[in-house]
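Residue 301 in this note's numbering is what sits at position 183 of the sequence shown, and the numbering runs on without skipping anything.
Quick reminder that beta carbons are idealized off the backbone N, C-alpha and C, glycines included.
Fair warning: this is a prediction, and the values are worked out from it, not measured in the lab.
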Amino acid sequence: MTFAERLKGIEERIAQACLRSGRNRAEIRLMVVSKFQGIDRIEEAWEQGIRLFGESRVQEAAEKFSGFKETHPELELHMIGSLQRNKAKIAASLFDCVQSVDRESIIGELGKYAAERKAPLKVLLELHTGEESKTGFPDEESLLRGAEQALGFPGLAPAGLMTMAPYTGDTDQVRSSFRALVHAQQRLKKEFPDSDWSCLSMGMSNDFEIAVEEGAALLRIGSALFGERRQGDGQQ
Ligand SMILES: *Cc1c(COP(=O)(O)O)cnc(C)c1O
């Protein structure tokens, strides 16, 4: 199957999930997760009208997208993987948004370097809601402290929340993970009503339909669009 065919299939499933839950497709953004994919596959997605891409490693994103960004100014590039402090400087200039903001030390580093940007760096706060890898703020209290800290940096523009549901066929567990993110969003809206918390980034290849039903604003889809990644499948 080609990228275009896979995309069509995904769009049909998003449309069905919207119908089931009374949602409007226009409220939901589709991000193509291009980690491990070469520039030829990225071009293929671009030709299908995709403008929003997600990468999980700073170095790989810089190698693939620095030149691409200049020739494709409409590109919107987000960081979705765990960010190391020593990569915060590059991240703050390369990405339009960092979705994986998961601890106070990273907020401090991003806030410092983002001050040099023309427009503020969008950030999403990542909440740990039950996925094995343990990334994300561990609970709502630490998330609220992170929000307050992020709002103190003029170079940062908090825009919402991100989570990864556990990788399991147990849909109840996946659903409760997404509901935990919605709950956290409601608390942030109450605590910081003058800020924007509208973006809920949740839903991947194996669980995006549940995410749509639970209120996702941004879906992050990789393997369902590019085909399964093989182990050690670096650049193809
Ligand atoms: C890899 C990744 C995705 C995409 O996963 P697929 O299962 O390939 O759709 C989404 N979000 C994050 C944070 C990822 O690391």
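- Restricting attention to Phe121, Glu129, Thr120 and Met119, the CA atom closest to the CA of Leu337 is found in Glu129.
- His196 carries a strand assignment under DSSP once its states are collapsed to helix, strand and coil.
- Excluding sequence positions up to five before and after Ala206, its CB lies within less than 7 Å of the CB of Ile224, Glu227, Leu228 and Tyr231, all in the same chain and listed in chain order.
- According to DSSP, Ile339 shares a beta bridge with Val150.
- The beta-carbon distance between Gly278 and Trp315, rounded to whole angstroms, is 5 Å. This is short enough to meet the 8 Å contact definition.
- For Glu178 and Ala334, the gap between their C-alpha atoms comes out near 27 Å.
- Just measuring C-alpha positions, the residue of Gln217, Ala233 and Thr281 sitting nearest Glu250 is Thr281.
- Counting along the chain, Phe171 sits inside the beta strand (DSSP E) bounded by residues Leu170 to Glu173.
- Under DSSP, Val219 takes part in a beta bridge, and its partners are Leu243.
- For Arg124, the distance from the CB to the nearest heavy atom of ligand 1 is not below 6 Å.
- Between Val300 and Ala268, the C-beta gap is not smaller than 7 Å, which leaves the two residues out of contact.
- Straight-line measurement puts the Cα of Pro284 at about 10 Å from the Cα of Asp325.
- When Cβ pairs closer than 8 Å are counted between the two stretches, the stretch 214–221 is seen to touch the stretch 233–248, the count reaching three or more.
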